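Q: Chains as they are written, first to last, in this note's numbering: chain A, 13 to 88; chain B, 898 to 1274.
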Ligand SMILES: Cc1cc2nc3c(=O)[nH]c(=O)nc-3n(C[C@H](O)[C@H](O)[C@H](O)COP(=O)(O)OP(=O)(O)OC[C@H]3O[C@@H](n4cnc5c(N)ncnc54)[C@H](O)[C@@H]3O)c2cc1C
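(1) How is residue 1179(B) classed by DSSP in three states: helix, strand or coil?
(2) Does DSSP put residue 934(B) in a helix, in a strand, or in coil?
(3) Could you please give me the residues that DSSP links to residue 974(B) through a beta bridge?
(4) Whole angstroms are fine: how far does the CA of residue 1201(B) sit from the CA of residue 1115(B)?
(5) Please list, in chain order, the chain B residues whose beta carbon lies closer than 7 Å to that of residue 78(A).
(6) Does the beta carbon of residue 980(B) sit closer than 7 Å to a beta carbon anywhere in chain A?
(7) Whole angstroms are fine: how far does the CA of residue 996(B) sit from the CA of residue 1082(B)?
(8) Can you list the residues of chain A that residue 1131(B) reaches, using a CB-CB cut of under 7 Å?
(9) Under 6 Å: does the beta carbon of residue 1023(B) sit that close to some heavy atom of ligand 1?
(10) Between residue 1093(B) and chain A, is the shortest Cβ-Cβ distance under 7 Å, so that the two count as touching?
(11) Would you call residue 1274(B) buried or exposed, if buried means 16 or more other Cβ atoms sit within 10 Å of its Cβ?
(12) Interface residues of chain B around residue 24(A) at Cβ under 7 Å?
(13) From residue 74(A) to residue 81(A), what does the alpha carbon distance come to, in whole angstroms?
(14) Residue 1061(B) to residue 1226(B), Cα distance in whole Å?
(15) With residue 1102(B) as the anchor, note down where its alpha helix (DSSP H) starts and where it stops.
(16) Tell me whether residue 908(B) counts as near ligand 1, meaning its Cβ is closer than 6 Å to at least one heavy atom of that ligand.
(17) Does residue 1242(B) have its Cβ less than 7 Å from a Cβ in chain A?
(18) Which whole-angstrom value describes the C-beta separation of residue 58(A) and residue 1133(B), a residue pair presumed to lie in contact below a C-beta threshold of 8 Å?
(19) Within its chain, find whatever has a CB closer than 7 Å to the CB of residue 1206(B); leave out the 5 residues flanking it on each side and keep chain order.
(20) Roughly how far, in whole angstroms, is the beta-carbon of residue 1130(B) from the beta-carbon of residue 66(A), given that I think they are within contact range, below 8 Å?
(21) Which of the residues in the region 1034-1052 of chain B, read from start to end, lie with their CB under 7 Å from any CB of chain A?
(22) So with Cβ pairs under 7 Å, would you call residue 49(A) a contact of chain B?
(23) Select from the region 29-61 of chain A all residues with a C-beta closer than 8 Å to any C-beta belonging to chain B, and list them in chain order.
(24) With a cut-off of 8 Å, do at least 3 Cβ pairs link the region 998-1007 of chain B to the region 1176-1188 of chain B?
(25) At a CB distance below 8 Å, what residues from the region 1080-1107 of chain B approach chain A? Give them in sequence order.
(26) May I ask whether a heavy atom of ligand 1 can be found less than 6 Å away from the beta carbon of residue 929(B)?
(27) Measuring only the C-alpha atoms, how far is residue 1124(B) from residue 1019(B)?
(28) Could you spell out where the alpha helix (DSSP H) holding residue 1068(B) opens and where it closes?
(29) Pick helix, strand or coil for residue 960(B), following the three-state DSSP scheme.
(30) By the DSSP assignment, the alpha helix (DSSP H) with residue 1033(B) in it spans what residues?
(31) Going along the region 1149-1178 of chain B in order, which residues come within less than 8 Å of chain A, judged by CB to CB distance?
(32) Under the assumption that residue 920(B) contacts residue 1209(B) (Cβ atoms under 8 Å), give the Cβ distance between them as a whole number of angstroms.
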């Protein structure tokens, strides 16, 4: 998808992938997809947990060669 | 070669000095010129604001004259940039001057934006500017007890500051003999008390020990000043008598207005520090969009990388090294103990238990900073 926003949070310990997502989601338009790349496997659980709490959509999570790709959609 | 640096804070100052030393022959012969444009004739040591807010530093200790921090040979002008004309390799300043360049480095920093959260600016105390830190100091002095809530927005510069101010407030109230009347409550945006897992593992039991309560997954949505309640995006709420906030930040307006990056964050290559798509424009410090701490040490290590690379571009025609994502942060664990965290893109931090010795080292660094800005440390 061409207008997907990518957050390259590989090797981000501080602020970390979830913090990067929290900051970036403010900049995204409603309906936009954001893909977070993370080398921390904790992202695969903590990002969907937060997304669920704030009622955006967790589209999916995939692991490719040690990098987790977490896809979310901004819904409001 | 004309090198133009925009921003005379931590990153811009270290870069200018680093380059002036490496290129002293070229500066003398006139082959190279280094111009530094900034918005202020004074340089602020921003970490000092934390101490100012609890009365441990005085306002005049925060400042030095910018010109006095710079190596001879640097053309320093206080004339903020208003227009970046990257296609023409030039900028235009508030004073109406146009500066052309061969290489541009942007280090304009970031700014807190409390006004973005309804009720936050009016109803909370902050310490990210001199004015707000002084106001917080005066409010703390008058505070006689009640629930003190620490809350923050994302992103914010100095990711250690939320924990530091919480532990410093504990010691501050202890010093005033108010601990039995004060309830400290810490909130944090993600699911643990600090984004660095090892720091969180140390800080949460420390808070338990000191009786500081905490609530995670708490991103401030609004503050109701009449009811004295903070509500979170996650549906939580907490009441307060005194609200201490670290507002979310944006890059500078000039970056947004010139279309260099949404919310003032410039898309930056993680290792060569080029602005994406611009081989002669570099970005350092808070204003990058890199997924690393917005901290003075980040700006410092980036400036060292860029100093070496830009000098090599002058002398060899090409850059010679990559930025590895290195960050070093002290963490004050109260008013008399501290620890630190060091990490890069490949290596996570392994902070040690806080000690008095590291706290004294941090206090020494508060003075040594000026040597660091001069590029001597
Ligand atoms: C309370 C507090 C505590 C902190 N504690 C720590 C700590 O313990 N450790 C740590 O590492 N970091 C800490 N920091 C963060 C650190 O101060 C910043 O991350 C660092 O200063 C960033 O450097 P910079 O060069 O990107 O921006 P800055 O140092 O903010 O400099 C930006 C410069 O750009 C100039 N400028 C702005 N607009 C323009 C324009 N249009 N044209 C030209 N110039 C312009 C400004 O005048 C300024 O000189 C703390 C910050 C605060 C507020």
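Positions of the beta carbon are idealized from the N, C-alpha and C atoms, including for glycine.
Treat the numbers as computed from the prediction; the structure is a model and nothing was measured.
A: Reading from the atomic positions:
(1) Looking at residue 1179(B) - three-state DSSP - the assignment turns out to be strand.
(2) Strand at residue 934(B).
(3) 934(B)
(4) 36 Å
(5) Within chain B, no residue comes near residue 78(A); the closest Cβ sits about 12 Å away, beyond 7 Å.
(6) no
(7) When rounded, the distance between both Cα atoms is 50 Å.
(8) 65, 66
(9) no
(10) yes
(11) exposed
(12) 1188, 1189
(13) 5 Å
(14) For the pair residue 1061(B) and residue 1226(B), the Cα-to-Cα distance works out to about 11 Å.
(15) 1094-1107
(16) Flag set: Cβ of residue 908(B) near ligand 1.
(17) yes
(18) Residue 1133(B) and residue 58(A) do not touch by the CB rule: their CB atoms are close to 17 Å apart, not below 8 Å.
(19) 1216, 1217, 1218
(20) 5 Å
(21) 1051, 1052
(22) no
(23) Against chain B - using a Cβ distance shorter than 8 Å - the residues of the region 29-61 of chain A are 29, 30, 31, 32, 34, 35, 38, 39, 54, 58, 61.
(24) They touch, by the three-pair rule.
(25) 1086, 1087, 1088, 1092, 1093, 1094
(26) no
(27) Cα to Cα, the separation comes out at about 13 Å.
(28) Where residue 1068(B) is concerned, the enclosing alpha helix (DSSP H) starts and stops at 1058-1072.
(29) In the three-state DSSP reduction, residue 960(B) falls in the strand class (E or B).
(30) 1027-1039
(31) Listed by position, the residues of the region 1149-1178 of chain B near chain A (Cβ gap below 8 Å) are 1159, 1160, 1167.
(32) Not quite, the Cβ-Cβ distance comes to about 10 Å (not below 8 Å), so this is no contact.
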